[in-house]
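Protein chains in written order, with the working numbering: chain A, 22 to 365; chain B, 6 to 347; chain C, 117 to 497. Even glycine gets a Cβ: it sits at the ideal position worked out from N, Cα and C.
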Amino acid sequence: MALQTQTKTETLVRVENLRMLYPVSTGIFARARSFIHAVDDVSFDIKRGEIFGLIGESGCGKTTTGKLLVRLITPTSGHIYLRVTQDPSTDSQGEQFVDIATLEGRALKEFRRNVQMIFQDPYESLNPRMTIFDIVSEPLSIHGIGSVYEREERVAELLSLVGLTPPESFLFRYPHELSGGQRQRVAIARAMILNPSFIVADEPTSMLDVSIRTGVMNLMLDLREEFGISYLYITHDLAVARYMCDRIAVMYLGKIVELGPTEEVIQNPLHPYTRALISAVPIPDPTVERQPIEIKGGVSKPIDPPPRCRFYERCPIATERCAQSDHPPLEDKGHGHFAACYEI
Amino acid sequence: MQAAPTFKPAEAIWRVRLQLFWRGLKSSWAMFAESKIGLTGLGIIIFFAIFGALWPAYPWLMERLAWTPEELEAARNVPYGAISSIYQVYDPVTGYDPLIPGIENPTPPSRRHPLGTNQFGRDILAQLMASTSSEFMLGVLAALITVFIGTFIGAITAYYGGFVDTFFMRVADVFILFPLVSFLIVLGSMIELTLIKLAFVLGILYGFGQITVILKSQALAVKVKPYIEAAKVAGGSHFHVIFRHIIPNLLPLSFLYMMFNVTGAIFSEAALSFFGLLPGIKVSWGIMIDSAHSGGYILGGRSFQNWWLWMPPGIAITLLCSAFYLVGRGLDEVVNPRLRKR
Amino acid sequence: MAYPVLQVENLTMHYTTRKGAVKAVEDVSFSLEKGEALGLVGESGCGKTSVALTLLRLLPENAQFLGGHVYFFRDGSDEAHARRAVGKPVKVLLDGQEHQGRLVGVDRSQLVLDARLNGRTQQIKLARDGIARIGVDLTALSDEEMRPIRWKGISMIFQAAMNSLNPVYKVGDQIIEAIQTHMPMPIPEARERVAQLFQLVGLDRQLMDRYPHEYSGGMKQRAVIAMALACDPDIIIADEPTTALDVIVQDKILREMRQIQKKLNMSMIYISHDIAVIAEVADKVGVMYAGGLVEFGPAEAIFKNPIHPYTKALMSAFPSIKGEKVKLAALPGEPPDLIKPPSGCRFHPRCPYATEICEREVPKFIEHKPKQHAACWNPLT
């Protein structure tokens, strides 16, 4: 599609200094509260038609970031700019950035037409008491779009788009009559029905079996090709991220520690954490011997962390400077490859 | 098979929905029908429904089946209290048999009075039948109100949390610990409690109590499901999420608790009537037992001499209450997801 | 010399449900050698966990054992094991030869095997000095006889076992209790044993006196592994041992398990849906699909040159961080319903190489290449 070449450079989402702190009460009467720094000063861009991967272990803040971007939760501070079309009759000239971090009420509801989310668990993300038609057409009925018959037609169109054919045989079935892969396709159809420009996909294939998973991943890639949708693809699986994403960002305890084009980051990781992460990924080839990783300990919770580098305690190359300075900034190390480390 | 370029709906959506509803009903029934307990309960409920529905035909039937023409003739011509219609004999509140001298009441079961008469000469079977429909109405109405309140408040408290939650949970504490009987004694002395009013009072008292807490905990489990988040991401309002997602997922459990609450309401009415606290209700199973008691027929060694006075209403209360409870148990197997096939 | 510790033959097990029999394990045969790690890989519901439960006889009530043999081998010098085998169907390995029959008795000097060889019944006297290995058919044992085998012979790390640690007891005490039940010994001795086990799995011995909530996920999994090692089993079955863990922890634990296995020369069965994990740890691989073992052989051969089209599909559906980035081929369709599995080869509706015979007849599980078995009518070369 012509869309591809022209739009890959155009920024669709710009996240600036996003921060989400959760209070943790330390006692019943404790006034002085501590905070979990779930997402701490995170900034990145997502281009139109790009699949941007957010990688990290559990508890690193990747899902929280995803929920912030669809405004399921409101950030403590920071900005999320989204390019939206003000007037549908004009093209990109009529577009402008809107800060969605603080939207409320009607404006928030309007914004929701542009951004959708796909969840991890296909068994829990579809209401068991609703038919597939009701589930997929729910966004239409919330926004009051179309008559019942127009909605049925549109739902059928989307079901065949996501590979649930013939659509008539799926429309009035319940989620429990479908397999995991089929359910995730229904979830994708629901996310697609409002023609969003941006979809947050939170581990959409991690609960699916291998033979099913590939089909769902390929479907998401095809939808990107066809409609130029951008994804924020959240995953813990680097192999999946490599297959799906154009660029990835590696998160550790609420911070992005490395960001860059997927192949570049995976083949040439700069940050010691990324290196450890990559060397820990098992390879489906028994003849490959991997080097053991050198980092110490396990992931802690970012409760009121000290200002120094978050990775300091586990870092094999930490120096005195790392202990004294603040968390290092995300710096360009060439070719759009960013890393947050003093020792590179 | 390739999908046609333009989609042609096979059937109108409302018809499909009707079929789905019917199919759901059938599969639920199939699951319910596997439970012997539930079927037994349902059988008893149906029996009482027919029993109550037959009440208007009872005097008419008795006139033709039990009374000889001579007896009818005699009843129309006794010197004191002659009757003009058979309905005067079988009225549950004012009825009497002109052929039985007042001093002989209560009389044991006989041809004209299959379950005997009480000390005022009222036909026991007539009272029993006449009360059935009101017992049903009271039980079901009170339970409906209870469950309606419980579902709604449960969903709202679970969804909003915070102050709303604290407020309604404290209210629930108060209602759970409420001295129901003393309250009804006071209430009964202030207003005349008719059956409808009683149903409302019981419904509200139970509705804000235990059931709210139970349904709230269920709603909390529903609230954290990703499909709730999906609805929010799609732009669904609080109202949409509560009514389209949370409440529909509470309804099976609500329905189940409704069955148990019918039992509670009928029991409460019986207990209150027994203590004579419901002057607004003229006849009910509880009042039948109460009048046997206040006539002194349940005390001492005379209980079994006059068994027909208290045993029929006692059995009826026990049976109907257990029937709803058994249906509830049967429904439990339909509703309880652990027992359901994936 | 390599010798088997476990031989599974034609194992078949169904679950009874209200919709019909779920044919969960169908005619599964494989063998496990001393010091070897076997990886059972397959998608959810393919029966890999059911195989483990069947051979340990830990089946739920609705399970129906329909046939097959599980020979569990130990040294002839293990008298308890030999006594257990008396009167049971056995396999005996003697001087590199395999005899099959029934043990008629045990006495101090010799074991007499009533064996059927080449159709003739004959008696073989077995020396007690350890050359003979006696494999008793576990399916013929009573529950009482099976109990000592479950911890001391074959122990199992269940899926999500780390969540089954009792939160109100100290972790060390829970392991001591497990040891006490199966091999009674004085408490201080048991404590010392747990301390050694902790060291073996890479846990600080101080952690023995901590409660499970003070452990991280990786530490809990290590404790569970220590518990499985507690009674010195010959075989450990690990069902998805690292599935809930993050990659870095997973990597460390897999490495440690591999090290322990090599050090103790133990046999292991890893059960996983993740072929990358299996590639890391297993010497031999068994691929399961819809209740049946479709391919079995040395890990390298299976990963390099799979015979069964399902194995190949599984490999090519898996993304990797190494090598060329290629478009992954999706397998059409869905795994079948095991209540009504497809006729013939259960994979045929999804198989790109299926021919007419695949639909009609169940393929035999035979050796297509040296040591590489598969059940396929149209094996890949």
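Min CB distance residue 358 of chain A to chain C below 9 Å: no
Distance CB(residue 157 of chain A)-CB(residue 207 of chain A) smaller than 9 Å: yes
At a CB-CB cut-off below 9 Å, which residues of chain A make contact with residue 389 of chain C? 230, 231
Residue 65 of chain A - partner residues in DSSP beta bridges: A:36
The segment 160-188 of chain A: positions lying closer than 8 Å to chain B by Cβ: 160, 163, 164, 169, 170, 173, 174, 177, 178, 181, 186, 187, 188
For the segment 122-131 of chain B against the segment 282-301 of chain B, are there 3 or more C-beta pairs whose distance is under 8 Å? yes
Going by CA-CA distance only, name the one from B:242, B:252, B:231 that's closest to residue 221 of chain B. B:252
For a contact meaning CB atoms closer than 7 Å, what does residue 298 of chain A contact in chain C? 363, 364
Could you list which residues in chain C have their beta carbon closer than 7 Å to that of residue 308 of chain A, in chain order? 416
Is the segment 169-187 of chain A in contact with the segment 217-225 of chain A, if contact means three or more CB pairs nearer than 8 Å? no
When you check each C-beta in the segment 65-94 of chain A against every C-beta of chain B, which residues fall closer than 7 Å? 91, 93
Mind checking residue 314 of chain C: buried by the 16 CB within 10 Å criterion, or exposed? buried
So residue 368 of chain B contacts chain A; which residues on that side make the cut at Cβ distance below 8 Å? Since the first and last residues shown for chain B are 6 and 347, residue 368 of chain B lies out of range.
So, does the CB of residue 336 of chain B fall closer than 9 Å to a CB anywhere in chain D? In the structure shown, chain D cannot be found, because the protein chains are A, B and C.
Is the Cβ-Cβ distance between residue 271 of chain C and residue 352 of chain C less than 9 Å? yes
CA-CA distance, residue 436 of chain C and residue 261 of chain A? 8 Å
Residues of chain A with a CB under 8 Å from the CB of residue 371 of chain C: which are they? 313
For residue 286 of chain C and residue 329 of chain C, I'd like the C-alpha separation in whole angstroms. 10 Å
Quick one: what does DSSP say residue 260 of chain C is sitting in, helix, strand or coil? helix
Quick one: residues in its chain with C-beta nearer than 8 Å to the C-beta of residue 415 of chain C, no 5 flanking neighbours on either side, listed in chain order? 155, 394, 395, 398, 399, 400, 401
List the residues of chain B whose Cβ lies closer than 8 Å to the Cβ of residue 248 of chain A, in chain order. What residue 248 of chain A touches in chain B: nothing, since even the nearest Cβ is about 18 Å away.
Mind checking the segment 230-250 of chain B against chain A and listing, in chain order, the residues whose C-beta falls within less than 7 Å of any C-beta there? 230, 231, 232, 234, 235, 236, 237, 238, 239, 240, 241, 245, 250
Give the residues from the segment 192-205 of chain A that approach chain C closer than 9 Å (Cβ to any Cβ), ordered along the chain. 200, 201, 202, 203
Where residue 321 of chain C and residue 309 of chain C are concerned, what is the direct C-alpha to C-alpha distance, given to the nearest angstrom? 11 Å
Output needed in chain order: residues of the segment 233-245 of chain A with a Cβ under 9 Å from some Cβ in chain C. 233, 234, 235, 236, 237, 238, 239, 240, 242
Thinking just about the alpha-carbon of each residue, which of B:185, B:135, B:80, B:96 is nearest to the one in residue 105 of chain B? B:80
Within the chosen definition, does the segment 330-339 of chain A reach the segment 244-264 of chain A through at least 3 CB pairs nearer than 8 Å? no
So the candidates are A:210, A:205, A:168, A:128; which of them puts its Cα closest to the Cα of residue 177 of chain A? A:210
Rounded distance between the beta-carbons of residue 295 of chain C and residue 248 of chain C, thought under 8 Å: Contact flag wrong, Cβ pair sits at about 30 Å.
Determine the chain A residues that contact residue 435 of chain C at a beta-carbon separation under 7 Å, and present them in chain order. 260, 261, 263, 264
CB of residue 139 of chain C to nearest heavy atom of the ligand ATP: below 8 Å? Among the components of this structure there are no ligands whatsoever, and the ligand ATP is therefore not found.
Cβ shell of residue 483 of chain C (< 7 Å), same chain only, five flanking positions each side left out: 489
Can you find a CB in chain C that lies within less than 9 Å of the CB of residue 284 of chain A? yes
Can you list the beta strand (DSSP E) stretches of 3 or more residues lying completely in the segment 257-303 of chain C, in chain order? 270-273
If we call anything under 9 Å between Cβ atoms a contact, is residue 59 of chain A one with residue 138 of chain A? no
Closer than 9 Å, CB to CB, is residue 292 of chain B near chain A or not? no
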